[in-house]
Structure formats: C-alpha cells, structure tokens
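In the UniProt record's numbering, the protein residues as written are 1 to 235.
Below you can see the structure in the form of structure tokens.
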C-alpha cells in the first residue's frame, strides 16, 4: 500500500513493535500499512463517523487483516481502554479538537508509551498544551504536500510545566525547536511563505480603520517569523 507523503511521515515516527491506536483513522490506511511493513503487531482504528469507519473496515478486509486490526466507532479515546495500545496516533485534526480528545481521555492517554500528533491548526498553543499536560516532544517532522504544510511530533511522558496564560509563545512553540535545530528545509519554506503573507496582511490593514489590535497581533507574528529565520540562518 502506498501512503501520502504526510501519512508516510507519520508512519515513520511510530516505534517498531508497539501496538497502535489510530484516532480519526479515516480510511484505515495507516494501520494497514504499518502492519504490512511489520512495524506494528496489532492496531485499533477508531473514528467518530460511521462512513469513514466503514471504509476503514472495507480496506482492512480487502487485505485480510481483520484478525490484526480492529475498528471502533468512538468519539476520541472514549472506546479505548488503558493498556490496549502503546502508540496513539492523531493526525489531520485541528489543534483544539486534539486538545479536547487528549483532555477528555486523560486516563487512557497516560497509559501510552508515545503519541504521534499532527495538528492542523493552532500549533503554538498545541505545543504548549503538550508541555502543560506533562508530555515531552522528542522528535519533529514537517512535510509539504499539495501546497500544504504539515508539522508533526512524537511525544513521550515527561514532567508537567506550568505556563502563565499571558506568556508569549517561544520560538520553539511557534515553529518547533527540533525543526529549527535541524535547519529543516520545509520549515524554511514555511517561514518565508508566512512572512510574505504577514506583510500582505499588514499592507491591507494600513487602509483599514480601527485595525490597531489586529495590526499588533500580525506584527507580533511577523517578528516571531523574522526571529526564527535569523536563528535558522545562524545555526
């Protein structure tokens, strides 16, 4: 089975030999691929929607893997018991939804050895959330596919960090310390694109009345991008 670049990168973060739980499994491509490659011995594919779960069941049956990959209709981690999986994958959802799933499923969450997470939005907030719930980012990747950027991370249990709500985001929270340290080429493309977008927005806001607050927010984001690019070039 061929995976998209995004899912291939997610698959590459899964530790060999771990049992998998895939939340928001869509077509079930990921657990099928990981089992076929001998990376996982067992998978649980879960989705809150009957349609995608049905397609996942069809895919699993197509490859004769019903004995090794089971499916569950589940809102987040609701239908998973602690100890049933070693690796949790949540990929392709918005950051706030992923935060809700991980918060609501705290008891199950704390039974995982690792989580592979690929939020689609609110990524600085999500990176901070991960620290606050006591998990540590140990690996990061970023993919550009079909014009979209996909940051992803592997996290393991760590120490909870208390961060005041009004504390500005750090460069690591904005863009990922490991991506910066690795001088990741996709991150640089992302930063350059985001800088262009912020400049365009600021030009438009100059003509808008009562845009002071929004201008300040965009300027703050722009300065973070510039700082990241400077750090990037100095590594």
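In this text, a Cβ means the ideal position worked out from N, Cα and C, and glycines have one as well. Just so it is clear, the structure is predicted and the values come from calculations on it, not from any experiment.
Less than 9 Å divides the Cβ of residue 85 from the Cβ of residue 112.
Counting C-beta pairs closer than 8 Å gives three or more between the stretch 3-23 and the stretch 38-45, which meets the contact rule. Residue ranges of uninterrupted alpha helix (DSSP H) with 4 or more members, entirely inside the stretch 13-46 and ordered along the chain, are 29-36. The criterion of a C-beta distance shorter than 9 Å is not satisfied by residue 48 and residue 82. Note that the C-beta distance between residue 95 and residue 121 is below 9 Å. Residue state for residue 142 is assigned as strand, using DSSP reduced to three classes.
For residue 149, the beta-bridge partners assigned by DSSP are 144. Fewer than three pairs of CB atoms, one per stretch, sit closer than 8 Å, so the stretch 198-206 makes no contact with the stretch 150-162. The C-alpha of residue 28 lies about 29 Å from the C-alpha of residue 184. Contact annotation: the stretch 172-181 touches the stretch 220-233, with at least three C-beta pairs closer than 8 Å. At the C-beta level, residue 35 and residue 68 come within 9 Å of one another. In the three-state reduction of the DSSP assignment, residue 3 falls in the coil class, being assigned neither a helical nor a strand state. Going by beta carbons, residue 56 and residue 26 fall inside the 9 Å limit. Taking 9 Å as the cut-off, the Cβ atoms of residue 104 and residue 80 do not count as close.
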